[in-house]
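FYI, the numbering for the sequence shown is 1 to 155, going by the numbering used here.
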Amino acid sequence: MDLKQQWFYRFLRNTIGLHIMTFWTLVYLWGGLPYLTCGVENSHLSSENNLQQGVGGTITYHGTGIVNSACHIWGSLRAWNTKDTSRNIWWLGPFTMGESWHNNHHAFETSARYGLEWYQVDLTWYLISFFQALGLATDVKLPSEAQKRKLAFAR
1 MDLKQQWFYR FLRNTIGLHI MTFWTLVYLW GGLPYLTCGV ENSHLSSENN LQQGVGGTIT
61 YHGTGIVNSA CHIWGSLRAW NTKDTSRNIW WLGPFTMGES WHNNHHAFET SARYGLEWYQ
121 VDLTWYLISF FQALGLATDV KLPSEAQKRK LAFAR
């Protein structure tokens, strides 16, 4: 049955604004302005600091969502045969801490390193490597050569 024919889904679609306003009203009533701006209670901090944290958190949250969407739509490089639409966007690598090596991520989801080639900037991997060198990160997973061969496109 088509979702548009089901009354419940039509109701949700027609009242989405009410749901959003109800949610944010409850958030405000629960924790006040700090909850609205950054999602946590920071009553010991100034309102300006809460706003800064909220804006920063919002940018980070939406930046992640944008990268996730963009790397399934606009990227051009598919290094691995992942059976999905994930792509790498090379120029976003430095700005996204390596998250834009999205095809690499879909190919090797448990890997701590998404920038798998020396030229693929992956700041998160550099940080993990640093922590590993200090002994603070252990059991760091990377794809094996056999895993890479299995997902590589035929050449």
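Just so it is clear, CB atoms sit at the ideal spot from N, CA and C, and this is done for glycine as well.
Check: Three-state secondary structure assigned by DSSP to Ala152; Outcome: strand
Check: Cβ contact (3+ pairs, closer than 8 Å) linking the region 69 to 77 and the region 135 to 144; Outcome: no
Check: Any non-hydrogen atom of the ligand SAM within 7 Å of Val140 CB; Outcome: Although the ligand SAM was asked about, the structure shown includes no ligands whatsoever.
Check: Proximal residues to Asn103 (C-beta, below 8 Å), its chain only, five neighbours per side dropped; Outcome: Cys71, Gly75, Leu77, Arg78, Ala79, Trp80, Thr82, Ser86, Arg87 and Asn88
Check: Reduced DSSP secondary structure (H/G/I, E/B, other) of Leu18; Outcome: helix
Check: Nearest-angstrom beta carbon gap, Trp91 and Ala112 [assumed within contact, 8 Å]; Outcome: Their Cβ separation, rounded to whole angstroms, is 23 Å, which puts Ala112 and Trp91 out of contact at 8 Å.
Check: Coil, strand or helix - Trp101 by DSSP; Outcome: strand
Check: Delimiting residues of the alpha helix (DSSP H) encompassing Leu127; Outcome: Leu123 to Ala133
Check: Inter-residue Cα distance where the pair is Gln5 and Thr15; Outcome: 16 Å
Check: Buried or exposed by the 16-neighbour rule on C-beta atoms within 10 Å, applied to Glu117; Outcome: exposed
Check: Neighbour-count burial assignment, Ala133, 16 or more Cβ in a 10 Å radius; Outcome: exposed
Check: For His106 and Asn68, the rounded distance between their alpha carbons; Outcome: 11 Å
Check: For Leu12 and Phe23, the rounded distance between their alpha carbons; Outcome: 14 Å
Check: Span separating the alpha-carbon of His19 from that of Phe8; Outcome: 14 Å
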